[in-house]
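Undergrad: Input: one structure, supplied below.
Protein chains in written order, with my numbering: chain A, 1 to 126; chain B, 127 to 496.
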């Protein structure tokens, strides 16, 4: 919280004097905040892993979920930085890239499912 | 020639033996004409834990030596139910865990600009896991129906052979016709049409996850699958019932005519009539024992997969109820849709078992027309 406050105030002050530094300060504050959150995210990941072990949820599902979460957070961070820097086109591109990456994470399981369905249809057909 | 010899042997027996003994000898002579080694082999392969083999069971039933061991039957049922119940409990836990993970992950990414995409991705993950679980059951159901079909195919040759030898050719012909009707039409329609339709409907409803966009199509496919299954069963029931009444009457009439003809011979008529009566009683005993054993064989082999699918269906429904408060409507709807799909699978398996039992049923019917 303090880092966010200091970063915001410093970036606001620098914007009038050296706008390029304001962007850098914003980036640095965001990165520090994200790194701080990552340590907490490890705890969440461990909790999820415990749930998976207790409830016999396939570990592949957890791996995909964690991967999707990671991509989502990084994309969000990148998009915000690009927007702060006034690069709307890059922000848009990054957003699309993130969405594609998230969906591509789910593709292997969807493809495996389709293959299973196809083999089932082959078995059932006379 | 062989038939005449056997009939002659049965007819001559009463003259030589006392009452109880003559029935025993008659039954043993008839049982010698039936080769049940294939039944025994099949039973050993599919259902190893049963104490007596089908051939022994037929003998015990004919000799009225069989005592119903309720404790043993309960133990066997317990041995089948308990592992399935345990597996179902594990599945409930897994589905609840999946609901928790899904909700947690969704709440962590809700307010982001990629939130909608993330939500869709989680939905795909959860749907894939549940569909994978359901597909395992679909495969098991297909294997079960195939096993029932093979059991039916294996059961018939000894029964048809015995009925032909015993002069009940109409019923033997009926059994062959019913067998081909089941294997060529009914079971093929179930495996190639009903189950794929139900699976497609189930997958559409699961992927929909309560948004009601594609779920109506899924429900339509489910209804179509149920209608087709119902039509197959009804048609099969009507055709088999009409045919079995006709064949049973014809064979019963033949047996009655033989008895009347034997009784009307001057001087030795009453003695012959008595012998024919005993011969027919032996035939009926063996025939019914074969029919009962066939039915037990089908039920005992087909019961396990039905219990397994039934337990998974219940697990899905219980999970849907439990997870509704935790995750809201979409996840519960997904589990309900999977449960509905398994319900159609159970109906299909029961239809296959029922039709195979109906195929054997005419064997019992002949005696009532004598």
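Glycine included, each C-beta is placed from N, C-alpha and C at the ideal position.
Here's the rule: buried if 16 or more other CB atoms are within 10 angstroms of the residue's CB, otherwise exposed. What is residue 320 of chain B?
TA: Looking at its Cβ environment, which holds 16 or more other Cβ atoms inside 10 Å, residue 320 of chain B is buried.
Undergrad: Give me the Cα-Cα distance between residue 426 of chain B and residue 277 of chain B, rounded to the nearest whole angstrom.
TA: Taking the straight line joining both Cα atoms gives about 11 Å.
Undergrad: Mind checking whether residue 284 of chain B and residue 162 of chain B have CB atoms under 8 Å apart?
TA: Going by C-beta atoms, residue 284 of chain B is nearer than 8 Å to residue 162 of chain B.
Undergrad: Report yes if the C-beta distance between residue 489 of chain B and residue 417 of chain B is below 8 Å; otherwise report no.
TA: Yes, the pair counts as a contact, with Cβ atoms nearer than the cut-off.
Undergrad: Whose Cβ in chain A lies nearer than 7 Å to the Cβ of residue 257 of chain B?
TA: Neighbours of residue 257 of chain B on chain A, chain order: 113.
Undergrad: Any beta carbon of chain B sitting closer than 8 Å to that of residue 38 of chain A?
TA: No, residue 38 of chain A lies away from the interface with chain B (no Cβ there is under 8 Å from its Cβ).
Undergrad: Which same chain residues end up closer than 8 Å to residue 469 of chain B when comparing Cβ atoms and leaving out the 5 residues on each side of it in sequence?
TA: Here the set comprises 439.
Undergrad: For a contact defined as C-beta to C-beta under 7 Å, what are the partners of residue 94 of chain B on chain A?
TA: This structure leaves residue 94 of chain B out entirely; chain B is present only between 127 and 496.
Undergrad: Should residue 253 of chain B be labelled buried (16 or more other beta-carbon atoms within 10 Å of its own) or exposed?
TA: So residue 253 of chain B ends up on the buried side.
Undergrad: Comparing the C-beta of residue 222 of chain B with each C-beta of chain A, is any distance below 8 Å?
TA: Yes, residue 222 of chain B lies at the interface with chain A (some Cβ there is under 8 Å from its Cβ).
Undergrad: Quick check: the region 148–167 of chain B against the region 285–298 of chain B, are at least 3 beta-carbon pairs closer than 8 Å?
TA: These segments touch.
Undergrad: From the beta carbon of residue 216 of chain B, is the nearest beta carbon of chain A less than 8 Å away?
TA: Cβ-Cβ to chain A under 8 Å: yes for residue 216 of chain B.
Undergrad: Kindly indicate if chain B contains any beta-carbon less than 8 Å away from that of residue 13 of chain A.
TA: Judged by the 8 Å Cβ criterion, residue 13 of chain A is not in contact with chain B.
Undergrad: So, does the CB of residue 72 of chain A fall closer than 8 Å to a CB anywhere in chain B?
TA: Closer than 8 Å to some Cβ of chain B, the Cβ of residue 72 of chain A qualifies, so yes.
Undergrad: What does the alpha-carbon distance come out to for the pair residue 24 of chain A and residue 2 of chain A?
TA: Straight-line Cα distance between these residues: approximately 18 Å.
Undergrad: Can you name the start and end residues of the alpha helix (DSSP H) that residue 24 of chain A belongs to?
TA: Segment 19–55, the alpha helix (DSSP H) holding residue 24 of chain A.
Undergrad: Any idea what DSSP makes of residue 160 of chain B, helix, strand or coil?
TA: Correct three-state label for residue 160 of chain B: coil.
Undergrad: Output yes if chain B places a C-beta closer than 8 Å to the C-beta of residue 98 of chain A; else output no.
TA: Yes, residue 98 of chain A lies at the interface with chain B (some Cβ there is under 8 Å from its Cβ).
Undergrad: On a Cα-Cα basis, can you pick out the residue from B:454, B:249 and B:445 that is closest to residue 215 of chain B?
TA: That would be B:445, whose Cα lies nearest to the Cα of residue 215 of chain B.
Undergrad: So the alpha helix (DSSP H) residue 251 of chain B belongs to, where does it begin and stop?
TA: Where residue 251 of chain B is concerned, the enclosing alpha helix (DSSP H) stretches over 241–291.
Undergrad: Using 8 Å as the limit for Cβ to Cβ distance, is residue 1 of chain A near chain B?
TA: Not an interface residue.
Undergrad: Identify which residue in B:225, B:210 and B:187 has its Cα closest to the Cα of residue 456 of chain B.
TA: Nearest C-alpha to residue 456 of chain B: B:225.
Undergrad: Mind checking if residue 264 of chain B is an interface residue toward chain A, Cβ cutoff 8 Å exclusive?
TA: Yes, contact with chain A.
Undergrad: I need the boundaries of the alpha helix (DSSP H) containing residue 83 of chain A, first residue and last residue.
TA: Its alpha helix (DSSP H) spans residues 59–84.
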